[in-house]
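*Asks:* Structure incoming, see below.
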Amino acid sequence: MSLVPLSRLAGPTALAAGVLLVIAELVMWPFDPSQHVATTTDPVFQIGGVVYLAGFCLLLVALPAAYAWQAHAAGTLGVVGVVAAIVGTFLLGGDLWFETFAVPWLADEVPQAFDTTPTVLLGLGAITSYGSFALGWALFGFASLRARVFPAPVCVAIVVGGLVGYQALLAPFGALLGLAVASLGAWMIRVTTARVEISRRKAPPVIASSAP
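In this text, residue positions in the sequence shown follow the working numbering: the first is 123, and each later residue adds one.
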């Protein structure tokens, strides 16, 4: 698969993903996560979860697309970073899918389930998804910082947002990463637009030839 067409999606998908994450976090922030039944069955909170999940889906497109911009400079660490971030986003996205669609059903049908102690396997699964998401995005941000293709402040924000994102399923801890990704997307769109404009200015004028 050619990475050139994929890289063109980087700016728009990163911007859209970041905006959706921030919007979802703002929607879900006022709700009390300790009130499981009341929170998860609230239609507004459920809408926020769907928006958040859509943002995660776009992240899985934005990650390889953004990596295509810096593949030539990121080296081995760049490969490790983007793969780790994709795996972490995939795992936490699965957790988010469960929280968005399955947990409201449990709250309606089996509310007493929230009063039970989670199994060891469930706890390990949760920690794995939280940790891999945080570590993956921190590695991606650090690899991007070393590659020196993206702006350094944005890369640092991705590192910090990734680490804070260990609790990304609890608003507002995912908002910082959302803002960082949206900033990266906006920067890539500006750079792409500027390159297109420069190419147009450098292109030689087309002279129409007259047929004899």
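All C-beta atoms in this analysis are idealised placements derived from N, C-alpha and C, irrespective of residue type, glycine included.
The alpha helix (DSSP H) with Leu143 in it runs from where to where?
*Replies:* Leu143 -> alpha helix (DSSP H) spans Ala132 to Met150.
*Asks:* Note the first and the last residue of the continuous alpha helix (DSSP H) segment covering Ala248.
*Replies:* Val242 to Ala269 is the span of the alpha helix (DSSP H), which, as asked, contains Ala248.
*Asks:* Straight-line CA distance for Tyr252 to Leu291?
*Replies:* So the two alpha carbons sit approximately 9 Å from each other.
*Asks:* Write down the C-beta distance between Leu285 and Ala260 rounded to the nearest angstrom, noting that I regard them as a contact closer than 8 Å.
*Replies:* With a Cβ gap of about 5 Å, Leu285 and Ala260 count as contacting.
*Asks:* If you draw a straight line from the C-alpha of Leu182 to the C-alpha of Tyr174, how long is it?
*Replies:* Rounded to the nearest angstrom, the two C-alpha atoms are 13 Å apart.
*Asks:* I'd like to know whether the C-beta atoms of Leu243 and Ala235 end up nearer to each other than 9 Å.
*Replies:* Result no, Cβ atoms of Leu243 and Ala235 do not sit closer than 9 Å.
*Asks:* Just how far apart, CA to CA, sit Val225 and Ile169?
*Replies:* Each residue's alpha carbon lies about 14 Å from the other.
*Asks:* Buried or exposed for Trp191, going by 16 or more other Cβ atoms inside 10 Å?
*Replies:* So Trp191 ends up on the buried side.
*Asks:* Just to confirm, are Leu137 and Val303 a CB contact at a threshold of 9 Å?
*Replies:* Yes, Cβ-Cβ distance for Leu137 and Val303 is below 9 Å.
*Asks:* Classify Pro155 as helix, strand or coil using the three-state DSSP reduction.
*Replies:* Coil.
*Asks:* Among the residues of its own chain, which have a CB less than 7 Å from the CB of Ala187, if the five just before and after it don't count?
*Replies:* Once the five neighbours on either side are set aside, the close Cβ partners of Ala187 are Leu128, Ser129, Leu131, Ala132 and Thr135.
*Asks:* Using the three-state DSSP reduction, which class does Thr198 fall into: helix, strand or coil?
*Replies:* Thr198: helix per DSSP, three-state reduction.
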